[in-house]
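Here the structure is laid out as structure tokens; the discussion comes afterwards.
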Amino acid sequence: MKLNRLVIFAKAPRAGLAKSRLIPALGADGAARLAQRMLEHALAQSLEANIGSVELCCTPAQDPLWQQIAISQTVLCTDQGEGDLGERMARAAERIITGGEAIILIGTDCPQLDASSLQQLAEALVDHDAVMIPTVDGGYVALGLNRFDPVLFSNIDWGTDTVAHKTLGHLQDLGWSIKLLPMMRDIDEPDDLAWLPAEMKP
Numbered sequence: 155m156k157l158n159r160l161v162i163f164a165k166a167p168r169a170g171l172a173k174s175r176l177i178p179a180l181g182a183d184g185a186a187r188l189a190q191r192m193l194e195h196a197l198a199q200s201l202e203a204n205i206g207s208v209e210l211c212c213t214p215a216q217d218p219l220w221q222q223i224a225i226s227q228t229v230l231c232t233d234q235g236e237g238d239l240g241e242r243m244a245r246a247a248e249r250i251i252t253g254g255e256a257i258i259l260i261g262t263d264c265p266q267l268d269a270s271s272l273q274q275l276a277e278a279l280v281d282h283d284a285v286m287i288p289t290v291d292g293g294y295v296a297l298g299l300n301r302f303d304p305v306l307f308s309n310i311d312w313g314t315d316t317v318a319h320k321t322l323g324h325l326q327d328l329g330w331s332i333k334l335l336p337m338m339r340d341i342d343e344p345d346d347l348a349w350l351p352a353e354m355k356p
């Protein structure tokens, strides 16, 4: 059985950069504080899941804010690099899968994504080429892959309600076996804040 690498894609929780769509509701500082809490949640749940090594793929990697966040020494920190989200995720997926591991890609926008959910995804990945946890808004909060093909990250309008649909279409065109897990909810827009757990509210 392949080892898993759980890769968290995250922006530095800097005011004005992080969770910018929530600035009208929370202000730049409030949105940044929430971004940091959600990042810390993603890190904690990824480590608690204990399904493989954990990597934090950062942007911008040189931001000094990363030094102020409590990151376990067991977490590998890497640079997302240049390009759109698809290009950056494709590079990480190719690097890890060609290195002999399965990859589980997640972001930091979903408080629902906990250790138990990640364990279910890893279990499903044992006998599927790809496993996805889609979101209510048409994206996905997690994508597990045993195989790599750049088409999975190409010709997709990132941040729109077509991301999951187009990705699933690419997977079907490749003829890969796919498992969909129950849908979850991202916290991206002001209306989404109604779903934010009380302990995360800025």
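Position 5 of the sequence shown, counted from 1, bears residue number 159 in the numbering used here, the numbering being contiguous throughout.
Quick reminder that beta carbons are idealized off the backbone N, C-alpha and C, glycines included.
Helix, strand or coil at residue i [DSSP, three-state]
i: ASP281; result: coil
i: GLU209; result: strand
i: ARG375; result: Residue 375 is absent from the model: the chain starts at 155 and stops at 356.
i: GLY298; result: strand
i: LYS333; result: strand
i: ALA182; result: helix
i: ALA175; result: Before going on, a small fix: residue 175 reads as Arg here, not Ala. DSSP places ARG175 in helix when its eight states are reduced to three.
i: ARG191; result: helix
i: ASP233; result: strand
i: LYS320; result: helix
i: ALA352; result: helix
i: PRO304; result: helix
i: PRO167; result: coil
i: PRO218; result: helix
i: PRO344; result: helix
i: ASP327; result: helix
i: ARG242; result: helix
Residue environment, residue i, which counts as buried when at least 16 other CB atoms sit within 10 Å
i: LEU230; result: exposed
i: VAL285; result: buried
i: ASP263; result: buried
i: ARG175; result: exposed
i: GLN190; result: buried
i: LEU157; result: exposed
i: GLU209; result: buried
i: LYS355; result: exposed
i: THR321; result: buried
i: ALA224; result: exposed
i: PRO351; result: exposed
i: PRO265; result: buried
i: ALA246; result: buried
i: ALA318; result: buried
i: ALA348; result: exposed
i: GLY293; result: buried
i: GLY323; result: exposed
i: GLY170; result: exposed
i: GLY329; result: exposed
Distance between beta carbons of residue j and residue i, contact taken as under 8 Å
i: SER200; j: LEU272; result: 7 Å
i: ASP327; j: ASP291; result: Not really, about 24 Å apart at Cβ, beyond 8 Å.
i: THR289; j: ARG339; result: 6 Å
i: ALA179; j: ARG168; result: Between ARG168 and ALA179 the Cβ distance is about 18 Å, and since that is not below 8 Å, they are no contact.
i: LEU335; j: LEU267; result: No, LEU335 and LEU267 are not in contact; Cβ-Cβ is about 10 Å, not under 8 Å.
i: PHE302; j: ILE251; result: 4 Å
Residues bridged to residue i (per DSSP)
i: LEU256; result: Note that residue 256 is Ala in the sequence shown here, rather than Leu. DSSP lists ASN158 as partners of ALA256.
i: MET286; result: LEU297 and LEU334
Minimum Cβ-Cβ distance from residue i to chain B less than 9 Å
i: ASP315; result: Within the model displayed, chain B is absent; a lone protein chain is all it includes.
Sufficient close CB pairs (3 or more, under 8 Å) joining the segment 192 to 206 to the segment 291 to 299: Between the segment 192 to 206 and the segment 291 to 299 there are fewer than three inter-stretch CB-CB distances shorter than 8 Å, so the stretches are not counted as touching.
The segment 236 to 248 / the segment 215 to 222 touching (three or more Cβ pairs under 8 Å): Segments in contact, no.
At least 3 beta-carbon pairs within less than 8 Å: the segment 273 to 284 vs the segment 248 to 262: Yes, the segment 273 to 284 touches the segment 248 to 262.
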